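Residue numbers (full-length UniProt numbering): 1 to 248.
We treat Cβ as the ideally placed atom computed from N, Cα and C, and that holds for glycine.
None of these values were measured; they are calculated from a predicted model.
The structure appears right after this line, and notes come after that.
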Amino acid sequence: MTDYLDTPEARRIAYNFTPGTGPGLVFLGGFKSDMEGTKALALEAWARAQGRAFLRFDYSGHGVSGGAFDEGAIGDWYEDARDAILALTEGPQVLVGSSMGGWISLLMAREHPEKVAGLVTIAAAPDFTEDGYWASFDKETRHKLESEGSVEVPSEYGDPYVITRRLINEGRTRLVLRSPLALPFPTRFLQGTADTSVTSETALRLLDHAQGEDMRLTLLKGADHRFSTPECLGLIEAALTEVLGALQ
1 MTDYLDTPEA RRIAYNFTPG TGPGLVFLGG FKSDMEGTKA LALEAWARAQ
51 GRAFLRFDYS GHGVSGGAFD EGAIGDWYED ARDAILALTE GPQVLVGSSM
101 GGWISLLMAR EHPEKVAGLV TIAAAPDFTE DGYWASFDKE TRHKLESEGS
151 VEVPSEYGDP YVITRRLINE GRTRLVLRSP LALPFPTRFL QGTADTSVTS
201 ETALRLLDHA QGEDMRLTLL KGADHRFSTP ECLGLIEAAL TEVLGALQ
């Protein structure tokens with residue numbers, strides 16, 4: 001059953017919470033994705049089978065939450081995640097961040113380390129507004145973005161994405177690969193080698209940049225950005241089992 005959280009920023013966030021033992025799991029989805037995706041539902045079923053608490057939610061402008069996607073930015077979606085985790089979970093959580101959710105989980109680890117017991121990322125996309133979109137735009141596209149406020153970029157998932165000037169500019173205030181990033185808890189990064197949205201180079205850069213005593217990167221040959229085949233889901237569950245085992 002979907003419930004709603006009204007946040008301090010006056011945004012209405014849809015969520016599903018499964019009660020259970022802790023540390024609980026929190027799934028943080030990707031850019032323009034929602035909490036009804038394959039990975040979110042598979043992990044919810046896995047958590048339920050173990051009697052473990054599980055939270056999934058839609059950022060503002062995503063899924064059935066309030067707000068318009070085109071008006072949002074990384075900071076807004078980080079605030080949504082932070083507000084949901086602080087209001088709806090008890091104690092430190094194991095965060096599972098997919099794509100943009102990987103970036104947001106890293107922000108959560110930096111700003112609220114007391115709420116993070118462990119971390120699993122799936123094709124994490126830290127700083128993608130700057131190192132992905134802005135870096136790939138030519139001079140003409142950058143000028144159009146600055147002068148008109150938005151540009152459209154092709155998406156392999158359907159309609160083009162609208163990339164706004166605010167998304168780029170606000171994202172610059174949330175970068176995590178330009179300053180020290182401590183991850184002092186069990187951390188597993190998962191990445192497919194056939195991912196055309198987030199490259200293995202990004203995963204290796206994150207692994208090299210982050211600081212932690214228990215950190216591993218697993219590359220799965222041939223896996224794409226969705227990372228939702230049975231083999232991929234099995235790898236996510238195995239990573240979670242490792243992280244939870246290290247916390248006992």
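Closest residue to residue i among the options (Cα-Cα distance)
{"i": "LEU95", "options": "VAL151, LEU28 and TYR59", "result": "LEU28"}
{"i": "THR121", "options": "PHE227, SER150, GLU213 and PRO19", "result": "PHE227"}
{"i": "MET76", "options": "ILE13, ASP138, LEU240 and LEU41", "result": "This sequence places Asp at residue 76; Met is not what is there. Of the candidates ILE13, ASP138, LEU240 and LEU41, the one whose C-alpha sits nearest the C-alpha of ASP76 is ILE13."}
{"i": "VAL198", "options": "SER179, ILE168, PHE54 and SER99", "result": "SER99"}
{"i": "ALA135", "options": "ARG172, ALA109, MET108 and HIS209", "result": "ARG172"}
{"i": "PRO160", "options": "CYS232, LYS144, ASP70 and GLU114", "result": "ASP70"}
Residue i: first and last residue of the uninterrupted beta strand (DSSP E) it sits in
{"i": "ASP159", "result": "158-164"}
{"i": "GLN191", "result": "187-192"}
{"i": "ALA47", "result": "No beta strand (DSSP E) contains ALA47, which is instead part of the alpha helix (DSSP H) from 38-50."}
{"i": "ALA10", "result": "Taken as a continuous stretch (DSSP letters only), ALA10 belongs to no beta strand (DSSP E), as it is neither H nor E."}
{"i": "GLY24", "result": "21-28"}
{"i": "GLU152", "result": "150-155"}
{"i": "ASP131", "result": "First-last for ASP131: undefined, no H or E at that position."}
{"i": "GLY97", "result": "93-98"}
{"i": "LEU5", "result": "3-6"}
{"i": "ALA117", "result": "116-122"}
Length of the line joining the Cα atoms of residue i and residue j
{"i": "SER200", "j": "HIS225", "result": "11 Å"}
{"i": "ASP131", "j": "PHE17", "result": "34 Å"}
{"i": "ALA123", "j": "GLU36", "result": "18 Å"}
{"i": "THR129", "j": "ALA73", "result": "10 Å"}
{"i": "PRO186", "j": "ASP214", "result": "5 Å"}
{"i": "residue 249", "j": "GLY51", "result": "In the structure as shown, the chain starts at 1 and stops at 248, and residue 249 therefore has no counterpart that could be examined."}
{"i": "LEU175", "j": "GLY245", "result": "31 Å"}
{"i": "VAL162", "j": "LYS32", "result": "10 Å"}
{"i": "PRO154", "j": "ARG165", "result": "17 Å"}
{"i": "ARG146", "j": "ILE104", "result": "What sits at residue 146 in the sequence shown is Glu, not Arg. The alpha-carbon atoms of GLU146 and ILE104 are separated by roughly 25 Å."}
{"i": "LYS139", "j": "LEU119", "result": "37 Å"}
{"i": "LEU207", "j": "PHE189", "result": "8 Å"}
{"i": "PRO230", "j": "GLU237", "result": "10 Å"}
{"i": "GLY192", "j": "LEU204", "result": "12 Å"}
{"i": "ARG48", "j": "THR38", "result": "15 Å"}
{"i": "ARG11", "j": "VAL64", "result": "12 Å"}
{"i": "LEU181", "j": "VAL116", "result": "14 Å"}
{"i": "GLU156", "j": "PRO184", "result": "35 Å"}
{"i": "GLY158", "j": "ARG178", "result": "32 Å"}
{"i": "GLU44", "j": "GLU170", "result": "32 Å"}
{"i": "ALA68", "j": "THR21", "result": "35 Å"}
{"i": "TYR4", "j": "ASP34", "result": "14 Å"}
{"i": "GLY222", "j": "THR202", "result": "16 Å"}
{"i": "HIS209", "j": "ARG110", "result": "14 Å"}
{"i": "residue 252", "j": "TYR133", "result": "The chain is shown from 1 up to 248; residue 252 falls before or after that span and cannot be answered."}
Anticipated Cβ contact below 8 Å, residue i with residue j, distance rounded
{"i": "LEU106", "j": "PRO92", "result": "16 Å between Cβ atoms; not a contact."}
{"i": "LEU247", "j": "PRO23", "result": "6 Å"}
{"i": "HIS112", "j": "ARG82", "result": "6 Å"}
{"i": "LEU41", "j": "LEU240", "result": "Going by Cβ atoms, the distance from LEU41 to LEU240 rounds to 15 Å, so no, they are not a contact pair."}
{"i": "LEU55", "j": "THR7", "result": "LEU55 to THR7, Cβ: 14 Å. No contact."}
Exposure label - residue i; buried when at least 16 CB within 10 Å
{"i": "MET1", "result": "exposed"}
{"i": "GLU79", "result": "buried"}
{"i": "ASP195", "result": "buried"}
{"i": "LEU86", "result": "exposed"}
{"i": "GLN211", "result": "exposed"}
{"i": "GLY234", "result": "exposed"}
Contact test: residue i Cβ vs the ligand SAM heavy atom, cutoff 7 Å
{"i": "GLU130", "result": "Absence of the ligand SAM from the depicted structure is noted, as is the absence of any ligand whatsoever, leaving it without description."}
Range covered by the alpha helix (DSSP H) that runs through residue i
{"i": "PRO230", "result": "230-246"}
{"i": "ARG82", "result": "74-88"}
{"i": "LEU219", "result": "That residue, LEU219, is in no alpha helix (DSSP H); its beta strand (DSSP E) goes 215-220."}
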